[in-house]
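Colleague: Okay, so the sequence shown: first residue is 8 according to this note's numbering, each after it adds one.
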Amino acid sequence: MTFRFDVGGRRWQAVPAPALSRRHKDWLTRGGALTRHLSALGRVSVRVVAERVMPADADQCRAIGVPLRTPMWARDVILLIDDEPVVVAHSVTPLTYSRSIWQAMRRLRTRPLADLLYHDPTVIRSMLVSSPLGPRHLLHGRARRDARDPLVGATPHARLWARRSVFVRHGAPLLVTEAFLPRFWRRLQAAQGVSAHD
Numbered sequence: 008m009t010f011r012f013d014v015g016g017r018r019w020q021a022v023p024a025p026a027l028s029r030r031h032k033d034w035l036t037r038g039g040a041l042t043r044h045l046s047a048l049g050r051v052s053v054r055v056v057a058e059r060v061m062p063a064d065a066d067q068c069r070a071i072g073v074p075l076r077t078p079m080w081a082r083d084v085i086l087l088i089d090d091e092p093v094v095v096a097h098s099v100t101p102l103t104y105s106r107s108i109w110q111a112m113r114r115l116r117t118r119p120l121a122d123l124l125y126h127d128p129t130v131i132r133s134m135l136v137s138s139p140l141g142p143r144h145l146l147h148g149r150a151r152r153d154a155r156d157p158l159v160g161a162t163p164h165a166r167l168w169a170r171r172s173v174f175v176r177h178g179a180p181l182l183v184t185e186a187f188l189p190r191f192w193r194r195l196q197a198a199q200g201v202s203a204h205d
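Laid out in structure tokens, this is it:
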């Protein structure tokens with residue numbers, strides 16, 4: 008299927024930056040449910056930070072092909088491994104679709120979004136794209152305030168590597184952005200016993 012959405016936008020790239028480690032490139036491009044991949048590292052749980060109506064910013068509007076400041080239903084969560092925050096995620100769909108095609112998104116509570124996305128054959132996913140997020144991005148703020156990653160707090164200008172894609176069900180887009188915390192990379196390095204450059 009051809010997507011009419013510009014998931015890459017201006018800053019997001021289909022191919023991760025060449026300077027990134029193999030581990031970064033692997034996790035930024037892995038298909039399938041992120042929660043399933045994380046479960047190989049420990050017990051995964053979901054903490055809901057916010058569910059609300061908000062206007063889409065210009066980047067989100069380009070990504071899912073809607074007019075600027077279209078009202079969106081947004082869900083922000085933290086993914087944890089063994090109760091340690093490792094990923095902050097932000098999902099948005101136009102408000103009208105949150106009341107129809109994507110209405111189940113409003114009833115997830117602490118279940119992962121993957122429960123909706125990977126058990127429905129009518130859902131189609133765009134390519135994954137990745138980008139470093141600066142301190143102005145919503146998920147960077149979530150990492151500092153809600154996930155309380157000490158490295159992000161100590162170096163507020165540090166960038167977080169994130170990935171995103173658009174899921175489409177019956178023509179209705181849902182944009183999912185997932186940012187990996189420094190804690191995740193440290194945990195992965197310790198679990199795999201590899202150097203920081205692998």
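Note that beta-carbon positions come from the ideal geometry of N, C-alpha and C, so glycine has one too.
Here the structure is a predicted model, which is why all the values come from computation and not from measurement.
Give me the Cα-Cα distance between residue 60 and residue 139, rounded to the nearest whole angstrom.
Modeller: In the sequence shown, counting from the first residue as 1, residue 60 sits at position 53. In the sequence shown, counting from the first residue as 1, residue 139 sits at position 132. Spanning the two alpha carbons is a distance of roughly 25 angstroms.
Colleague: In whole angstroms, what separates the C-alpha of residue 15 from that of residue 179?
Modeller: The sequence position of residue 15 within the sequence shown is 8, counting from 1. The sequence position of residue 179 within the sequence shown is 172, counting from 1. Taking the straight line joining both Cα atoms gives about 18 angstroms.
Colleague: In terms of residues, what are the limits of the beta strand (DSSP E) holding residue 100?
Modeller: Within the sequence shown, the letter at position 93 stands for residue 100. Its beta strand (DSSP E) spans residues 91-101.
Colleague: Taking the alpha helix (DSSP H) that residue 195 falls in, what are its first and last residues?
Modeller: Within the sequence shown, the letter at position 188 stands for residue 195. Per DSSP, residue 195 belongs to the alpha helix (DSSP H) from 189-199.
Colleague: Give the straight-line distance between the Cα atoms of residue 37 and residue 58, rounded to the nearest whole angstrom.
Modeller: Looking up residue 37 in the sequence shown gives position 30. Looking up residue 58 in the sequence shown gives position 51. Going by the C-alpha atoms only, they are around 26 angstroms apart.
Colleague: Look at the alpha carbon of residue 183 and the alpha carbon of residue 141, and state the distance between them as a whole number of angstroms.
Modeller: Counting from 1 along the sequence shown, the entry for residue 183 is found at position 176. Counting from 1 along the sequence shown, the entry for residue 141 is found at position 134. Between residue 183 and residue 141, the C-alpha separation is close to 18 angstroms.
Colleague: Residue 159 by DSSP, collapsed to three states: which one?
Modeller: The sequence position of residue 159 within the sequence shown is 152, counting from 1. Reduced to three states, the DSSP call for residue 159 is helix.
Colleague: If you run the structure through DSSP and keep just helix, strand and coil, what is residue 71?
Modeller: Along the sequence shown, one-based indexing puts residue 71 at 64. It is helical.
Colleague: Rounded to the nearest angstrom, what separates residue 67 and residue 198 at their Cα positions?
Modeller: Translated into positions along the sequence shown, residue 67 becomes position 60. Translated into positions along the sequence shown, residue 198 becomes position 191. Taking the straight line from one Cα to the other gives about 35 angstroms.
Colleague: Would you say residue 186 and residue 119 are within 9 angstroms of each other, going by their C-beta atoms?
Modeller: The residue given as residue 186 occupies position 179 in the sequence shown. The residue given as residue 119 occupies position 112 in the sequence shown. Their beta carbons are not under 9 angstroms apart, which means residue 186 does not touch residue 119 by this criterion.
Colleague: Ignore the nearest five residues each way along the sequence and tell me which others in residue 56's own chain have a CB closer than 7 angstroms to its CB.
Modeller: Taking the first residue of the sequence shown as 1, we reach residue 56 at position 49. The answer, listed in chain order, is 83, 84, 85, 149, 153.
Colleague: In this structure, does DSSP put residue 42 in helix, strand or coil?
Modeller: Here residue 42 is taken as the residue at index 35 of the sequence shown, counted from 1. Residue 42 falls in the helix class under three-state DSSP.
Colleague: Can you look up residue 115 in the DSSP assignment and give me helix, strand or coil?
Modeller: The residue you call residue 115 lines up with position 108 of the sequence shown. Of the three classes helix, strand and coil, the one that applies to residue 115 here is coil, per DSSP.
Colleague: Which residue's Cα is closest to the Cα of residue 172: 133, 81, 107, 79?
Modeller: In the sequence shown, the residue the question calls residue 172 occupies position 165. With distances taken between Cα atoms, residue 172 lies closest to 133.
Colleague: Going by Cα to Cα distance, which pick from 181, 158, 176 is closest to residue 7?
Modeller: Given a span of 8 to 205 for the chain in the structure shown, any question on residue 7 remains unanswerable.
Colleague: Please check the pair residue 44 and residue 168, which I expect to be a contact at CB under 8 angstroms, by giving their CB distance rounded to whole angstroms.
Modeller: Reading the sequence shown from its first residue, position 37 is the one you call residue 44. Reading the sequence shown from its first residue, position 161 is the one you call residue 168. Incorrect: roughly 15 angstroms between the Cβ atoms, too far for contact.
Colleague: Please go through the same chain and pick out, in chain order, the residues whose beta-carbon is closer than 6 angstroms to the beta-carbon of residue 95, but skip the five residues on each side of it.
Modeller: By 1-based counting over the sequence shown, the position of residue 95 is 88. For residue 95, where only same-chain residues beyond five positions count, the Cβ hits under 6 angstroms are 85, 146, 149, 150, 154, 186.
Colleague: Out of 27, 70, 75, state which residue places its alpha-carbon closest to the alpha-carbon of residue 17.
Modeller: The residue given as residue 17 occupies position 10 in the sequence shown. It is 70.
Colleague: Quick check on this structure: which residue in 26, 101, 108 has the alpha carbon closest to the alpha carbon of residue 177?
Modeller: Against the sequence shown, residue 177 aligns to sequence position 170. When each option's Cα is compared against that of residue 177, the closest is 108.
Colleague: Quick one: is residue 170 buried, meaning 16 or more other Cβ sit within 10 Å of its Cβ, or exposed?
Modeller: Translated into the one-based positions of the sequence shown, residue 170 becomes position 163. Counting Cβ neighbours within 10 Å, residue 170 comes out buried, since at least 16 surround it.
Colleague: Do residue 191 and residue 93 have their C-beta atoms within less than 9 angstroms of each other?
Modeller: Against the sequence shown, residue 191 aligns to sequence position 184. Against the sequence shown, residue 93 aligns to sequence position 86. Yes, they are a contact pair.
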